[in-house]
Amino acid sequence: MDTRAAIDRFLEHGPISDATGRAYGSDLRGFARWLDSRGLSLEDVDARVLSEWVGDLGRGHRRLAPASISRRLAAVRACLRFTFGPERVPEAALGPRRPRRLPDAPKQTEVEAIVDAADGDSPLALRNRALLELLYSGGLRSAEVVGLNLADVDFEREAVHVHGKGGKERVVPLGEEAAHRLARYLRDARPELAAGANDAFFLSTRGRRLDTSTVRRLLRNPHRLRHAFATHLLEGGADLRTIQELLGHSSLSTTQIYSHVDAKRLRRVYDRSHPRS
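Using the numbering used here, the letters of the sequence shown map in sequence onto residues 412 to 688.
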């Protein structure tokens, strides 16, 4: 089998997005070069070969971080699954253990400073303040907030219909402050930004849908507001299962990165409630 031809077929016809295809393309071509150096082809790949490759990636002065190795391993497994079927994909736990990183959630005072910095009466200032309020109020990802359409925000029900990752959809509550800022943006700013028919909720200066790069210019790491959303809800008494649904996580294990916050909350409840605490 021609390894590079098989990789090209996967990248062109496999069930992956364009962005994933670009990332996987670089990873898979590097894997093809590694196979060539050992006189192997894609057909020769088994658990032993993958284990040797992963070991090479994690050694030497150019060794990769665990997250980078895991992505390359995911790319190879996806290519093998597409090319040969799921039965030919080694399922052994080959990737390095990734260190547990706690979310960097800003405190309430920092969140207030972030959103207050965007205050103003110009169309762009009104848009930016509304966008930041919604990121924090609803725990949305950057791609989710710029992907909103006008019909997705329901002021009467005080809810936002979010189109999440992997085609998953969810409904999150619309907080009072966010609702006020969104309504003001729609009334006083969006008409000045609009250039023709466009259903996008948040518009650029040219009247087009915003992209995530605009959000990152407003806030270098907008995901911190999502962390703040989850952390502050937990500190206020919400449970992990509710947070999972609001964040749109497929698995509770993903939401459990916030379990350290939940443990602190439970300790406070225990200390306040139990007669022998």
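Ideal placement from N, C-alpha and C gives every residue a C-beta, glycine not left out.
Proximal residues to P501 (C-beta, below 7 Å), its chain only, five neighbours per side dropped: Here residue 501 is taken as the residue at index 90 of the sequence shown, counted from 1. Answer for P501: D457, A458 and L461, listed in chain order.
L663 classed as buried or exposed, judged by whether at least 16 other C-beta atoms fall within 10 angstroms: Here residue 663 refers to the residue found at position 252 of the sequence shown. Under this definition L663 is an exposed residue.
Own chain, CB closer than 7 Å to P584, minus 5 neighbours either side, in chain order: The sequence position of residue 584 within the sequence shown is 173, counting from 1. If we look at P584 and ignore the five residues flanking it on each side, its Cβ neighbours are E569 and A570.
At least three beta-carbon pairs within less than 8 Å, the region 588–606 to the region 541–558: Using a C-beta cut-off of 8 Å, the region 588–606 makes contact with the region 541–558, since at least three inter-stretch Cβ pairs fall below that distance.
Residues near H617 by beta carbon distance below 7 Å, same chain, minus five either side: The sequence position of residue 617 within the sequence shown is 206, counting from 1. The question names His, but residue 617 in the sequence shown is Arg. These residues qualify, in order along the chain: A606.
Same chain, Cβ closer than 7 Å to D599, neighbours up to 5 away in sequence not counted: What you label residue 599 is simply residue 188 of the sequence shown in a count that begins at 1. Hits under 7 Å: L537.
The beta strand (DSSP E) enclosing R581, as first and last residue numbers: What you label residue 581 is simply residue 170 of the sequence shown in a count that begins at 1. E580 to P584 is the extent of the beta strand (DSSP E) around R581.
Element boundaries [alpha helix (DSSP H), containing H572]: As a position in the sequence shown, residue 572 is number 161, starting the count at 1. Per DSSP, H572 belongs to no alpha helix (DSSP H); it is in the beta strand (DSSP E), A570 to H574.
Alpha carbon of E603 to alpha carbon of L597, nearest angstrom: Position 192 of the sequence shown, counted from the first residue, corresponds to residue 603. Position 186 of the sequence shown, counted from the first residue, corresponds to residue 597. Taking the straight line joining both Cα atoms gives about 10 Å.
Continuous alpha helix (DSSP H) stretch holding V465: start and end: Stepping through the sequence shown from its first residue, residue 465 is reached at position 54. Per DSSP, V465 belongs to the alpha helix (DSSP H) from A458 to L468.
Same chain, Cβ closer than 6 Å to R487, five either side skipped, listed in chain order: Sequence index remark: in the sequence shown, residue 487 carries index 76 (1-based). In the sequence as displayed, the identity of residue 487 is Val instead of Arg. Excluding sequence neighbours, V487 sits near F442.
Helix, strand or coil at A489 [DSSP, three-state]: Within the sequence shown, residue 489 is the residue found at index 78, counting from 1. Looking at A489 - three-state DSSP - the assignment turns out to be helix.
Selected residue, minimal CA-CA separation from S670, among D622, L535, E567 and A649: Within the sequence shown, residue 670 is the residue found at index 259, counting from 1. The candidate whose alpha carbon is nearest that of S670 is A649.
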